[in-house]
Amino acid sequence: MADPIIRIEKLDKSFGTLKVLDGLSFEVKPGEKLALIGPSGSGKTTILRILMTLETITAGRIEVCGEPLYHIQRGGREVPADEAHLHHMRRHIGMVFQHFNLFPHKSVLENITLAPMLTKAEPRAKAEARAMELLDMVGLADKAKSMPSQLSGGQKQRAAIARALALQPRIMLFDEVTSALDPELVEEVLLVMKRLAAETDMTMLLVTHEMGFAHEFADRVLFFDKGCIVEEGPPDRIFTNPTQERTQTFLRKIIAAGHRV
Amino acid sequence: MEWDWAFVAEITPTLLQGLKLTLFITLLSAIVAAVLGLVLAIARRSQNLLIARPVGAFAEFIRGTPLLVQLYFIFYVLPDIGIVLSPLVAGVIGMGLHYATYTAEVYRAGIENVPKGQWEAARATNLTIPQTWQHVIIPQAVPPMIPALANYLIAMFKETPLLSAITVLELMNQAKSVANSSYRYIEPMTLVGVFFLATSLVSVVMLRALEHRYGRLGK
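Heads up: the protein sequence lines correspond to chains S and W, in order. With our numbering, you'll find the first sequence wraps up at 261, consecutive numbering, no jumps. With our numbering, you'll find the second sequence wraps up at 1219, consecutive numbering, no jumps.
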């Protein structure tokens, strides 16, 4: 079996006195599609943000692609990583946000080419050719010259997915990517993600409230509550036959709220 | 006292010399204020408190003391410690520095208006911090602040007569020297007023255009 691409060991994260992650440990295999579900405030988004280095960790250790994410070797021992190391590690990871966070002053095409040109010194022609391929894949080839403000929510999110893919990360993080969308626009984004999951061997971590999609998309589901993993397993088992009471309660509430599982 | 058109004609070229210098100084000071203000604003946001705190205190100090005193200090006191500046350079540094502390506040507000998600997207696409400033934050923060910055430009222009105190031959100083040698004040001072008013009016029209162009941007 391949070495894990992500290894999280005894991870703690507190915001002030509030403990969001409590001694969390899990591993992700290369190419695995992982869905993180659970009630709000259970810490699942925080994990993605920590992996993207948008938050710092309070205690514990994370390895990504075989290297410690938040630690470096110095003088024969591990010390907290500096910005240069984080920059080096971020190459492996891409993220798609709930609120898209496209750069509003740049066209769709420029949103996608900016980072490859700046961080990988790709020539413009090459970056643009790739961007057009990606836009074609997410069905936005005709919107390359548009500004983000001219797009619908679903189009914005598809553009944001293309932007993250342009850097060719080995790990993609999707943070409630359909939560801010009007219901009729959710499907087009999920379709893109399904194709992505089917056609690439990228490792994907998905935080979502779309249980139906998590069921279809994921190889493994982690159910979180209060900063810990309560239950994990293949989606068929978690969604149809959860063993833990907290998982059962959560899924009942979701179904009662009208979501399909 | 009668208005003397012949005298007006005689002194106008001298005063126009002064006006030219006034505009030149305003422009140079504005550039200093615009660039230095941005540096101050970014430094005050620094995570490193050893940078942020002293820069903040310095800016408060400059903003809390009169420009005239600062000009005297730069021009008449600094030579005591071996720093001798020409009136023009001292004036540009003084005005530029003073207004930099105001533009820094405009920048700060503009920068804080850029949503946190933009910083996060820049980080997620692995831009370095300087790249984030250059390509993501500043291009979004600056357009909405252009009207406010232009306002300070006009205010600065109207403060240039203070530079006569450190012997810069700008418009007001030229008028004073003309008046002192001819013992006629009405024409030179009226002309100074007219020149300032005319330039300000043109600037205000341009400012309105800028507000129209950029005021709504960024939304």
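Heads up, the beta-carbon is just placed ideally off N, CA and C, and yes, glycines get one too.
Check: Going along the chain, which residues of its own chain have a beta-carbon closer than 8 Å to the beta-carbon of Arg124 of chain S, five neighbours each way excluded?
Finding: So the qualifying residues of the chain are Thr113, Met117.
If you follow the alpha helix (DSSP H) that Ala164 of chain S is in, where does it begin and where does it stop?
That run of the alpha helix (DSSP H) goes 153–165.
Practice prompt. Take Leu1169 of chain W as the anchor and find which of W:Arg1184, W:Pro1147, W:Pro1087 has the nearest alpha-carbon.
Written response: Among W:Arg1184, W:Pro1147, W:Pro1087, the Cα nearest to that of Leu1169 of chain W belongs to W:Pro1087.
Margin query: Using a Cβ-Cβ cutoff of 7 Å, what residues of the segment 1126–1144 of chain W are near chain S? List them in chain order.
Written below: For chain S, the residues of the segment 1126–1144 of chain W that bring a beta carbon within less than 7 Å of one of its beta carbons are Asn1126, Leu1127, Thr1128, Gln1131, His1135, Val1136, Pro1139, Gln1140, in chain order.
The segment 1106–1122 of chain W: which residues have C-beta closer than 7 Å to a C-beta of chain S, in chain order?
Across the segment 1106–1122 of chain W, CB contacts with chain S closer than 7 Å involve Gly1117, Gln1118, Glu1120, Ala1121, in sequence order along the chain.
If I measure Cβ to Cβ from Ile161 of chain S and keep anything under 7 Å in the same chain, skipping five residues before and after, which residues do I get?
Beyond the five residues adjoining it in sequence on each side, Ile161 of chain S comes within less than 7 Å, by CB distance, of Val96, Val138, Val192 in the same chain, given in chain order.
Consider the Cβ of Ala1124 of chain W: report whether some Cβ of chain S lies at a distance smaller than 8 Å.
Closer than 8 Å to some Cβ of chain S, the Cβ of Ala1124 of chain W qualifies, so yes.
In angstroms, rounded to a whole number, what distance separates the CA positions of Gln244 of chain S and Leu36 of chain S?
Distance between Gln244 of chain S and Leu36 of chain S, taken at the CA atoms: about 16 Å.
*Whole-Å CB distance - Ala1222 of chain W paired with Ile1031 of chain W, under 8 Å assumed*: Missing from the structure shown is residue 1222 of chain W; chain W here goes from 1001 to 1219 and no further.
- Query: Looking at C-alpha atoms only, which residue of S:Val20, S:Pro104, S:Lys106, S:Ala256 is the closest neighbour of Ile50 of chain S?
  - Reply: With distances taken between Cα atoms, Ile50 of chain S lies closest to S:Val20.
**Message:** What residue range does the alpha helix (DSSP H) around Leu1088 of chain W cover?
**Reply:** First-last of the alpha helix (DSSP H) with Leu1088 of chain W: 1087–1112.
Start and end of the alpha helix (DSSP H) containing Leu1049 of chain W?
Judged by DSSP secondary structure, Leu1049 of chain W falls within the alpha helix (DSSP H) whose first and last residues are 1049–1063.
- Chain-ordered neighbours of Leu167 of chain S on chain W, where CB pairs are closer than 8 Å: Thr1125, Asn1126, listed in chain order.
Can you give me the Cβ contacts of Arg7 of chain S inside the same chain, cut-off strictly under 6 Å, excluding the 5 residues immediately before and after it?
-> Closer than 6 Å at Cβ, skipping near neighbours: Glu27, Glu63.
Is it buried or exposed for Glu176 of chain S, if we count other Cβ within 10 angstroms and need 16 for buried? Per the 10 Å Cβ criterion, buried.
query: Under a Cβ-count criterion, where at least 16 other Cβ atoms within 10 Å of its own Cβ denotes burial, should Met1206 of chain W be classed as buried or exposed?
result: Met1206 of chain W should be labelled exposed.
Any C-beta of chain W sitting closer than 8 Å to the C-beta of Met95 of chain S? Yes, contact with chain W.
Q) Taking C-beta to C-beta, are Ala1059 of chain W and Ala1104 of chain W nearer than 8 Å? A) Contact: yes.
- Message: the ligand NAP and Gln157 of chain S: does any heavy atom of the ligand fall closer than 7 Å to the residue's C-beta?
- Response: With respect to small molecules bound, the structure shown includes none, and the ligand NAP cannot be examined in it.
Q) Can a CB atom of chain C be found closer than 8 Å to the CB of Pro80 of chain S? A) No chain C is present in this structure, whose protein chains are S and W.
>> Strictly under 8 Å for the Cβ-Cβ distance: is Pro148 of chain S near chain W by that measure?
In response: Cβ-Cβ to chain W under 8 Å: no for Pro148 of chain S.
- Buried or exposed: which applies to His105 of chain S, given that a residue is buried once 16 or more other Cβ atoms fall within 10 Å of its Cβ? The C-beta of His105 of chain S has 16 or more other C-beta atoms within 10 Å across all chains shown, which makes the residue buried.
* Asked: In whole angstroms, what separates the C-alpha of Ile1154 of chain W from that of Ser1203 of chain W?
  -> Looking at the two C-alpha atoms, the distance is approximately 7 Å.
- prompt: If you draw a straight line from the C-alpha of Leu1021 of chain W to the C-alpha of Ser1181 of chain W, how long is it?
  reply: Roughly 21 Å separates the two Cα atoms.
message = Since Ala1175 of chain W and Val1194 of chain W should fall inside the 8 Å C-beta cutoff, what is the C-beta to C-beta distance between them, to a whole number of angstroms?
response = The C-beta distance from Ala1175 of chain W to Val1194 of chain W rounds to 11 Å, too long to meet the 8 Å contact threshold.
Quiz item: What first and last residue would you give for the alpha helix (DSSP H) that runs through Gly1117 of chain W?
Solution: From DSSP, the alpha helix (DSSP H) with Gly1117 of chain W extends over 1116–1124.
Nearest candidate by alpha-carbon position, reference Ile1025 of chain W, set W:Gln1070, W:Met1095, W:Leu1038, W:Gly1082 = From the listed residues W:Gln1070, W:Met1095, W:Leu1038, W:Gly1082, the smallest Cα separation to Ile1025 of chain W is found for W:Met1095.
Val189 of chain S vs Gly154 of chain S beta-carbon contact at 8 Å:
With contacts defined by Cβ atoms closer than 8 Å, Val189 of chain S and Gly154 of chain S form a contacting pair.
With a 10 Å radius around its C-beta and 16 neighbouring C-beta atoms as the bar for buried, classify Phe174 of chain S as buried or exposed. With 16 or more other Cβ atoms inside 10 Å of its own Cβ, Phe174 of chain S counts as buried.
| task | Out of S:Val221, S:Arg246, S:Arg252, S:Gly227, point me to the one whose CA is closest to Ile238 of chain S's CA. | result | With distances taken between Cα atoms, Ile238 of chain S lies closest to S:Val221.
Between the Cα of Asp219 of chain S and the Cα atoms of S:Lys194, S:Ser152, S:Ala159, S:Cys228, which residue gives the shortest distance?
Per the Cα distances, S:Lys194.
What residue does the beta strand (DSSP E) around Asp225 of chain S start on, and which one ends it?
Per DSSP, Asp225 of chain S is one residue of the beta strand (DSSP E) stretching across 220–225.
task = List the DSSP bridge partners of Cys228 of chain S.
result = For Cys228 of chain S, which the question treats as bridged, DSSP gives the partners S:Asp225.
TODO: List in chain order: all unbroken alpha helix (DSSP H) runs of 4+ residues lying wholly within the segment 67–125 of chain S.
DONE: Every alpha helix (DSSP H) of 4 residues or more that sits fully in the segment 67–125 of chain S is shown, in chain order, as 83–90, 108–119.
Original post:
Within this structure, are the beta carbons of Ala141 of chain S and Met132 of chain S separated by less than 8 Å?
Top reply: Their beta carbons are under 8 Å apart, which means Ala141 of chain S touches Met132 of chain S by this criterion.
I believe Glu1127 of chain W touches Val1136 of chain W by the beta-carbon criterion, under 8 Å. Please report the beta-carbon distance rounded to the nearest angstrom. Here the sequence assigns Leu to residue 1127 of chain W, which means Glu is not the residue at that position. The pair is a contact, with the Cβ atoms about 7 Å apart (cut-off 8 Å).
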